[in-house]
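Heads up: the sequence shown begins at 51 in our numbering, then just goes up one per residue. Glycine is no exception: its CB is placed at the ideal position from the N, C-alpha and C atoms. Computed from a predicted model, the values in this text were never measured in an experiment.
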Amino acid sequence: PEAVPAVDTPAGDLDTLRTHARDCRACPLWGPATQTVFGEGPTDARIVVVGEQPGDQEDLSGRPFVGPAGKLLQRALDELGIARDTLYLTNAVKHFRFERRGKHRLHKAPEPGHARACRQWLARELELLQPDTVVCLGATAASSVLGADFKLMQQRGQWERLSSGARAFATVHPAWVLRQPAAQQEAAYRGFVEDLRLLIDRRN
Ligand code: URA
């Protein structure tokens with residue numbers, strides 16, 4: 051990955067943090083992207099959901115999880131009776147990374163250096179929000195929150211404890227579900243919903 055200059059983590063509340071993040075230059079992804087897509091949700095949210103990075107529609111609208119992956123997440127939340135507006139939704143990487151192909155912008159997974167550079171924002175979001183529960187969607191989010199050694203496919207759907215005292219678990223990313231071959235997609239979706247069921251399981 052590209053060299054990542056250190057930047058000071060700004061102090062202050064979430065709105066101040068969001069404002070600072072607009073001008074983040076800690077990695078080169080800001081250049082081609084439209085804007086920083088910062089986290090969104092109530093400041094008293096008990097649950098924080100961490101995705102990978104904004105996609106095409108998120109980059110254009112400036113809001114997380116409004117494209118196809120967001121719609122699948124919404125379907126899963128509806129099934130579980132969880133209202134999206136009670137959650138704080140954010141991403142491990144806050145700029146869209148893409149490759150241009152004609153008039154299309156093809157999503158490109160972020161590199162570990164991009165996630166490392168962006169981690170300061172996520173860390174401050176979690177510090178300010180002090181959630182009870184953190185849900186990681188996909189390997190990039192899991193690595194940023196639970197550490198680089200986390201093995202998503204072996205450890206998904208299991209409670210972990212963060213040093214803040216919050217509990218956390220990881221599951222697959224909804225975009226991964228959408229990328230599965232048609233014959234496997236329903237099973238992949240069911241697995242995703244079953245992991246998210248931890249959020250409403252009264253035995254926890
Ligand atoms: N995928 C993500 O991980 N985050 C978004 O905001 C949208 C798609």
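Scanning the region 67-130 from its first residue to its last, the whole alpha helix (DSSP H) runs of 4-plus residues come out as 106-111 and 118-130.
With at least 16 other beta carbons inside 10 angstroms of its own, G188 counts as buried. Between F242 and T221, the C-beta gap is smaller than 8 Å, which places the two residues in contact. D182 and L130 have their C-alpha atoms spaced approximately 19 Å apart. Taking the CA atoms as reference points, W226 sits about 17 Å from F146. Between the region 110-128 and the region 199-213 there are fewer than three C-beta pairs closer than 8 Å, too few to call the two in contact. R252: not part of any beta strand (DSSP E); DSSP gives it neither H nor E. Rounded to the nearest angstrom, the Cβ distance from D109 to Q124 is 19 Å, too far for a contact under 8 Å. Spatial neighbours of A192 in its own chain (CB-CB distance under 7 Å, excluding positions within 5 residues in sequence) are listed in chain order as C186, F200, L202 and A220. In the three-state scheme derived from DSSP, where H, G and I count as helix and E and B as strand, A192 is classed as helix. Applying a distance threshold of 5 Å between residue Cβ atoms and the heavy atoms of the ligand URA selects G101, E102, P104, G105, E108, P114, F115, A119 and N141, given in chain order. Shown here, R150 sits in a strand according to DSSP, grouped into three states. When beta bridges are read from the DSSP output, C186 appears opposite V100 and A220. When secondary structure is reduced to three states using DSSP, L212 falls in the coil class, being assigned neither helix nor strand.
Rounded to the nearest angstrom, the Cβ distance from E102 to A167 is 14 Å, too far for a contact under 8 Å.
Following the DSSP letters along the chain, one finds V243 inside the alpha helix (DSSP H) bounded by residues A232 to L246. Where G197 is concerned, there is no enclosing alpha helix (DSSP H), because DSSP gives it neither an H nor an E. Taking the CA atoms as reference points, R72 sits about 22 Å from V195.
In the DSSP secondary-structure assignment, H157 is bridged to F148.
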